[in-house]
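Since the structure comes first, as structure tokens, the remarks are kept for the end.
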Amino acid sequence: MSYTIMNKEKHILITGFGGQGVIMAGDILGTAATLYDGKFATMTQAYGPEARGGACSAQIIISEEEVLFPYVKEPHVLICLSQEGYAKNIGSLREGGMLILDADLIQARKISSDIIAYDIPATRFAEELGNKMMANIVTLGFLAAVYNLVGAEALRKAVQTSVPAPTREMNSRAFERGSEYGKATLKSRAKQGRLARD
Amino acid sequence: MSYTIMNKEKHILITGFGGQGVIMAGDILGTAATLYDGKFATMTQAYGPEARGGACSAQIIISEEEVLFPYVKEPHVLICLSQEGYAKNIGSLREGGMLILDADLIQARKISSDIIAYDIPATRFAEELGNKMMANIVTLGFLAAVYNLVGAEALRKAVQTSVPAPTREMNSRAFERGSEYGKATLKSRAKQGRLARD
Amino acid sequence: MADKAVMTGTYFMNGDYACCEGALAAGCRFFAGYPITPATEIAERMSRRLPELGGIFIQMEDEIASMSAILGASWGGVKAMTSTSGPGFSLMMENIGLGICTETPCVICNVQRAGPSTGLPTLVGQGDMMQARWGSHGHYEVIALAPSSPQEMFDLTIRAFNLSEQYRIPVMIMADEVVGHMNERVVIPRREEIEIVGRRKPKVSPDKYLPYHPDPDGVAPMANCGDGYRIHITGLTHDERGYPGMDEKTQAQMVNRLIGKIVNNRDKIIRTENVYLDDADVVVVAYGISARSARQAVRDARARGIRAGLIKLETVWPFPEALIRDVAGRVRALIMPEINAGQMVLEVQRCAGGACPVHLVSHLGGSIIHPATILRAIEDSIKGKK
Amino acid sequence: MADKAVMTGTYFMNGDYACCEGALAAGCRFFAGYPITPATEIAERMSRRLPELGGIFIQMEDEIASMSAILGASWGGVKAMTSTSGPGFSLMMENIGLGICTETPCVICNVQRAGPSTGLPTLVGQGDMMQARWGSHGHYEVIALAPSSPQEMFDLTIRAFNLSEQYRIPVMIMADEVVGHMNERVVIPRREEIEIVGRRKPKVSPDKYLPYHPDPDGVAPMANCGDGYRIHITGLTHDERGYPGMDEKTQAQMVNRLIGKIVNNRDKIIRTENVYLDDADVVVVAYGISARSARQAVRDARARGIRAGLIKLETVWPFPEALIRDVAGRVRALIMPEINAGQMVLEVQRCAGGACPVHLVSHLGGSIIHPATILRAIEDSIKGKK
Amino acid sequence: MKYWRKPLDLESIKASRGKVIIVEDRCKGCGFCIAYCPRDVLAMSQVFNARGYHTPAVIDESKCVNCHFCEALCPEFAIFSIEATEAAQGKTARSRRKHK
Amino acid sequence: MKYWRKPLDLESIKASRGKVIIVEDRCKGCGFCIAYCPRDVLAMSQVFNARGYHTPAVIDESKCVNCHFCEALCPEFAIFSIEATEAAQGKTARSRRKHK
Amino acid sequence: MEGLIRSERLPHIWCAGCGIGTVFGSVIGAIQKSGYDLNKTAIVSGIGCTARMAGYIRLDSFHTTHGRALPFATGLKLANPELKVIVVSGDGDLLAIGGNHFIHAARRNIDITVICVNNLNYGMTGGQLAPSTPFGAKTTTSVTGCPEEPFNFCYLASACGAIYVARWTSLHIRRLTNSITEAMQKRGFGFVEILTPCPTSFGRRNKIGTALETLKFYHERSVIRNDIDPKEAPIDFGNNIVVGKFVDTERPTFLDNYQLSCKNLIGDWPDFEGTIVPENQAG
Amino acid sequence: MEGLIRSERLPHIWCAGCGIGTVFGSVIGAIQKSGYDLNKTAIVSGIGCTARMAGYIRLDSFHTTHGRALPFATGLKLANPELKVIVVSGDGDLLAIGGNHFIHAARRNIDITVICVNNLNYGMTGGQLAPSTPFGAKTTTSVTGCPEEPFNFCYLASACGAIYVARWTSLHIRRLTNSITEAMQKRGFGFVEILTPCPTSFGRRNKIGTALETLKFYHERSVIRNDIDPKEAPIDFGNNIVVGKFVDTERPTFLDNYQLSCKNLIGDWPDFEGTIVPENQAG
Ligand SMILES: Cc1ncc(C[n+]2csc(CCOP(=O)(O)OP(=O)(O)O)c2C)c(N)n1
Ligand SMILES: Cc1ncc(C[n+]2csc(CCOP(=O)(O)OP(=O)(O)O)c2C)c(N)n1
Ligand code: SF4
Ligand code: SF4
Ligand code: SF4
Ligand code: SF4
Ligand code: SF4
Ligand code: SF4
Ligand SMILES: [Mg+2]
Ligand SMILES: [Mg+2]
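Chains as they are written, first to last, in our numbering: chain A, 182 to 379; chain B, 182 to 379; chain C, 51 to 436; chain D, 51 to 436; chain E, 169 to 268; chain F, 169 to 268; chain G, 37 to 319; chain H, 37 to 319.
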């Protein structure tokens, strides 16, 4: 299709299984952009009949202008929390796009060199912090560190207002853990140049 | 309405209460015409929400040709078994038409002289013969005697095939009772000329 | 009677009863229904007739259950029918959709009364014509027929069963109170004279069978439950195996086929009676009980020297688009009488595409349209009054 | 929040939730419903929000009961709503008819998924558009609105309540899965900025009150149950007193008024957004989620030098006949994208009356139409390819 | 035969004197009042009313104890009993329409 | 804690020796098999399968009495037990996919 | 009484000898006796001969769709709890097409008084079998005898949680009026069933005969058994027609509990402190 | 067992720890055990997580509309009485939207085996309250606790005339399989209810917790009480979860009686010869 994405739009696709908080991550991103960063955003979701464990995805578009067509076909950023989501969507990532994946859950193929690929053991970190379900927040923290999509502060706020009150503290730790790992990764990347996984 | 009834059609309207066998009378007339007299006939019914005792009517059209519009608006023959049916329909009877009513049930107004009016105590006769519900059959017997609409034999046959087997005998008597009364009426009319009731 | 199923002979019979006899002659051996005026007589007669033929009559707890039950019975391998009127028809809509989606042959006779809601339960209406087309959610095609006499109640019920087996679809008979309750001559032919379409059974073995793999005409052979094919049937979007496929591709394939099997066979499904079309200046398009008044009006118009014609729709859905388009280009006006505020006339207008004016003769329910009213519309349209 | 009913502020909220907030801001204090994807979130949020406002939430045993319950609640004097998707919408049809016939204000939000039957429960469709118009038996008119964003879910829900009170009719919000599940900016204004239409109460004493005697605009003032007016309300054909009248005259009066109060107030009910119509060569007519793709396509076309325009239907029923007729006479083509096999496009065709070609851009369900597909149709129509 | 006519609610019958009023045009001749009157006050007449039903007639009003049972049982609101006063005692039941 | 692990259908357990087969990719890590094995044959492993679930591992197959209870309870058809033959005894459970 | 009747609508549609008229009188009597504000008393019905009662009573009255009186009434009552809501329904209306609403409204204990005229068939449509039709009885859809066992409505009501359950025939006119009054005066789902003759649609197809004969038959076979488990009180025409007040109890209504839940006062579930049987028998 | 599974469709959609998978295994086991011709055995379901079972079993199987499994199955069975028909249904499917069909099918004694997975909520739509949700339990439509009392399904089934009624938890796996087999082997309306964990939609909102914790809880509180009146066997989580086989009886099926009626052999109604109580108490 010869159709081009509006100039000022950033397209993000987060994929995983139902229950991993994929939709929530999308929601938080959109909230951060809309409420705390003065941008326009849409978030649409795709899921199947399964309540848990089925493939699902959140598609987020962040823009300086009103977003009309809300689907993400060729994301700028692809975040994968499942093998299936990875396999199905890696081909759609646009040239020069960014891939973030949980390497404990995904065996990646050789990744083309014009892609910026990051890997973060988000689920493991989350499990260590007390709840596997916070892998999404870890990932957002990581994203905030490695990609300037919405301000880190906006994201932090959005996390705090989106998660249930009693879990704010825990989620905040998860976010920072991801963020730190992101910063560390950036540093080591700066030394090594781009990563091409095998 | 400037519409005229098809030349070869005879329109009959039977009115009464639900439960008096009005529809059945219409059915028998139509059966006689269709099956035993080689004519075309339609019978439509009108009734209200009441299972019993509500106004109801049977509209029969008998013709040499296919009948298209099945409603009877201006009958050639009006048979009334209830006051309400009489009051509502007497005005529609066409000039020169025939009125048959059960005078035990109906108080008739002055009847215009261009109408042939008959009165038969059908319900009383039927009651005497064992069942008030046979007033319809008595009336049909009467009709057969006073008006050459369908052959009396065809009507007799239709009565026999239409009533429940165990009641055939009884209904046959009712029919003949009506028929005799009709013949007798005709005879006395022949003497007296037309009847104008007061 | 020698043949208990086909009551060969001539009768003075009402339309509801004639519908039953048509169904039985067509091979219907299962009826599930719920009483409702003016369709009750169908259920009542079926309750007496089916036991004589070894068939099943069951009065269900409501119309939803009735509709579900005939779908089940059809998969059980038996030709099945239900009957109802407006309120019950509304309740059946969800499961009519299931029948369409799972391609289950069956017949629904809707004896229309005047609505909306409870309306005039004992009086005539033709207000459910668009509901027949659009009453269930989602997009699909339907087949609906409209009888205008007890004889047609007999004939079209047979045709309904045949079409339903031929195209694997619930077929609707859009009758009305007058046709249902009117007594008239009904001739039931001999069994040999009646064309019956049987179920198209699979010709392959169970391991090769794909329940929704169509023959060239778009219709798939159907294995009954108990035939050993171990089918899976679902109202979810499904592929040729009958398995759910939760994606737009499977959806497109399924819906395209459901629509295509009707649209592509339109010419075989649509039947109209065309009277005096050759030289007509004005054509009345009519269906059901209103077609009788229309025919009378056309005769009367001809008698008055007006070149009127008639298209009587026997099949109301799919709609005879091409015919109407063609005729619209040749006449001065099209006229449609309906006992509603204008339903099928919208289709006539659409298909006419502005080629000629289209006039509605409307009655809102309670009685049928007088031929004189239609005649007046014919006259007016010629005078260009309207 | 100071004002618990009107949650003034800016949110990143999905359409289902925005619909709830619209309802509450409009004064809805009763919700009866039954869960179904993708409308479940409406019921869920209502179950949390209504108790905060002293309102009632009840999950009924099915959609039929839900629809009946909101009718009862409305007569109880409370603004009431239900929500559902296709299968439940089908089940509601009989009692939507009762609501129309008894002129009961209430709101039904149908978040459309792809059908027919169970179809694709979690994926988008626009296949119930004609069902909204024709899904119940008998003839009547409806009001239906189609939101294309969470913000419109909020705004149009308020409008739906207002129209339902204004015209005493169940109003349908024809949303869809994408609009319902999509998160986007939603701005909830201050209470004073929201226009609310209240119930028109009788001004006469009970002995003079005729429940169905209309004001000049065709709508009758409505006494609630318990107000002392001792009303009788029935789905039977009824006269101005509300009493059954089993004859064609009462039927004509009632149905004419039911239809007339909508048709005669059409101009007040219908809202469309008309973009670039002045100089347009080709106009896209679109509604709901498809209108977003349409708007994008029109922008893209303009960018390529094509004089494209857009009619975005906010009100889908009654249909803007006059506007379409007018525009059809001025353009080279009309184009309609729909996530169905062509429903509203039939109305566009009918109203265009042959004045220009009308092209359908169809998707059968499961995802929304890409702007590029519409753009191509625009280009083709200008090239006269189609 | 007498047995089943024993009224079901005998206990509530007060021993006063009653006067019976029959609204003939409402009556559908079901005979409930006649059969269940504890005092055999009523009997079926031979007249038809306007709707073709035979209606009950008071055969011995002096026996009426104004128990209202006929009234409560009548499905048509066509029969009432009232306390008989000296004055009312003489009059015949109201509301009877003449038929031949 | 031990108490509630008592299997509900102890009576049907035959005292034979079993071999446990786990179809890892089907497993969703509910832990039923582990908790309700009457012989503590199984324990939760730390590996994730392709769908992100931890799966059970056989910790002491010699204790397995081939009672099939794990098999009957598994909602995923992911675990089976078979009669252990001399030959089979030595092998490890089949169907385990390698993950890092 | 006449003041509560829309007498401009008389004669009513019910047949000669139909028991509905008698029950209607009883309902009106009970409403008067109950002492509720008549402007706050509402009648809701579905469709059927019985359902037509709503059209003859001078109260706020709603004649809805077949089977749906209860959910409509539920909405009405919950929207305006000040109202006293009475549902009048035929056996088919209430328990054939409407059966699901019946069991759920009873379970929820919606504060509604339900009066069911059980005439053993569908009167309005001319006498088809109903879920009350006795095994073997003849109807227009069971000409050789009904092949289904009927429900015992009172048992069903009580199994679903009705707080007041009684059965009478239309001959038990004063007891019936008392029962309806009692049911109205309680808070919660009350159910009163009345066996009535339907001479037109049912009686004439069965040996039970005319209305008068039917009443006689009911009279002969009725036995009053108050307070027995309605399970033990089937309508056994071959033996006894057990009538009486079977259930008269209390429990919170839906609205009571809803209001608790609004205030977050429902309490915890599950209650881990509950008593369990000493010896664990599960095994 | 694997032969009866459409393994090309695995993995199934059920969540980790969901009890439906366990029950599915049990159903398959029972079908095998029952010895019926597999080509003449059919499964019918409505819509819901439980209803998806129909899609995984290699038999003639029908996944119909929400709530309508029973009427569909009724048509199927009556059209071809050779078939053994099993209905698998969730608590909402069977007894919320489908409640009316349930009570009527039981009353008619349609020869169908009904298996109800009771997971105390609507699993498929994400955990709303159901007619089985315990009073006070939290669901997405009762966040502060369910204000409705649940049905006792077994009591309802038995009150409506089911000839076989049993309840187990998904932990009673062998007893459950036996019960399903027994129910299948009987003629008439058999009902087996299974309490299962729904960790995703129900468990995580309530203290009952994960699937494993739920099973533990069920295990602790289950008591087996065969043959007691199911009225006395509510699921009382605060005390005992009574399980067992409650009803096992016989009566003619709808089809038996229908066939009698076809031959006009139903007999007369009413039976004027019946015994009436010596002393007429009606008065
Ligand atoms: C949806 C629907 N189905 C069927 C009908 C037809 N109908 C009207 S009343 C009735 C049954 C009446 O029986 P019952 O409820 O027992 O009341 P009765 O007339 O015996 O008092 C039926 C089937 C209808 N109005 N609506
Ligand atoms: C007519 C209709 N209404 C609602 C739905 C949505 N729906 C699908 S499954 C379901 C409930 C499932 O609950 P249950 O029957 O208990 O099955 P479970 O998923 O818990 O096994 C609902 C409400 C539907 N598919 N159709
Ligand atoms: S009031 Fe009526 S029932 Fe009582 S004694 Fe007088 S006439 Fe008889
Ligand atoms: S009870 Fe009423 S209707 Fe019956 S006979 Fe007596 S007065 Fe007439
Ligand atoms: S078969 Fe399974 S449950 Fe039984 S002992 Fe072996 S591992 Fe444990
Ligand atoms: S029971 Fe099955 S799914 Fe659960 S942990 Fe064991 S093998 Fe895995
Ligand atoms: S049909 Fe039966 S229930 Fe209806 S009014 Fe007549 S007697 Fe009464
Ligand atoms: S949502 Fe509940 S019932 Fe459905 S599959 Fe998941 S655990 Fe099972
Ligand atoms: Mg009844
Ligand atoms: Mg459930």
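Just so you know, even glycine gets a beta-carbon here, dropped at the ideal spot from N, CA and C.
For residue i, the first and last residue of its enclosing beta strand (DSSP E)
i: A393 of chain C; result: According to the sequence provided, residue 393 of chain C is Gln. The question's Ala does not apply to it. It is not in any beta strand (DSSP E) - Q393 of chain C carries neither H nor E in the DSSP assignment.
i: A362 of chain D; result: Correcting the residue identity first, residue 362 of chain D is Lys in this sequence and not Ala. Unbroken beta strand (DSSP E) run through K362 of chain D: A358 to L363.
i: V237 of chain D; result: N233 to I238
i: E251 of chain E; result: I247 to E251
i: F80 of chain C; result: F80 to G83
i: Y200 of chain G; result: Y200 to T205
i: F237 of chain F; result: No beta strand (DSSP E) contains F237 of chain F, which is instead part of the alpha helix (DSSP H) from F237 to L241.
i: H282 of chain C; result: H282 to T284
Residue i: CB within 7 Å of a non-hydrogen atom of ligand 5
i: H102 of chain G; result: no
Per DSSP, cross-strand counterpart(s) of residue i
i: M386 of chain D; result: D:L410
i: N160 of chain D; result: D:T134 and D:M224
Check: residue i C-beta below 7 Å from any heavy atom of ligand 2
i: D267 of chain C; result: no
Any non-hydrogen atom of ligand 1 closer than 7 Å to residue i Cβ
i: L141 of chain C; result: yes
i: C234 of chain G; result: yes
Residue range of the unbroken alpha helix (DSSP H) whose run includes residue i
i: I108 of chain D; result: It is not in any alpha helix (DSSP H) - I108 of chain D instead sits in the beta strand (DSSP E) that spans I106 to Q109.
Near ligand 4: residue i beta-carbon under 7 Å from a heavy atom
i: K196 of chain E; result: yes
query = Which residue spans inside the segment 87-116 of chain H form an unbroken alpha helix (DSSP H) run of at least 4?
reply = Runs of the alpha helix (DSSP H) inside the segment 87-116 of chain H: 105-115.
key: the segment 208-215 of chain A contacting the segment 318-338 of chain A, beta-carbon criterion three pairs below 8 Å   = Yes, the segment 208-215 of chain A is in contact with the segment 318-338 of chain A.
task = At 4 residues or longer, and completely inside the segment 283-351 of chain B: list those alpha helix (DSSP H) runs for me, N to C.
result = Listed in chain order, the complete alpha helix (DSSP H) runs (minimum 4 residues) inside the segment 283-351 of chain B are 303-309, 316-327 and 333-343.
task = May I have a chain-ordered list of the beta strand (DSSP E) segments no shorter than 3 residues that lie completely inside the segment 235-264 of chain A?
result = If only uninterrupted beta strand (DSSP E) runs of at least 3 residues are considered, those enclosed by the segment 235-264 of chain A are 236-244 and 258-261.
ask   = Can at least three beta-carbon pairs, one atom from the segment 380-393 of chain D and one from the segment 310-320 of chain D, be found at a separation below 8 Å?
value = As far as the Cβ criterion goes, the segment 380-393 of chain D does not touch the segment 310-320 of chain D, which means the pair count is below three.
ask   = Can we say the segment 143-157 of chain C touches the segment 281-300 of chain C, given the rule of at least three CB pairs closer than 8 Å?
value = Per the Cβ contact rule, the segment 143-157 of chain C is in contact with the segment 281-300 of chain C (3 or more Cβ pairs under 8 Å).
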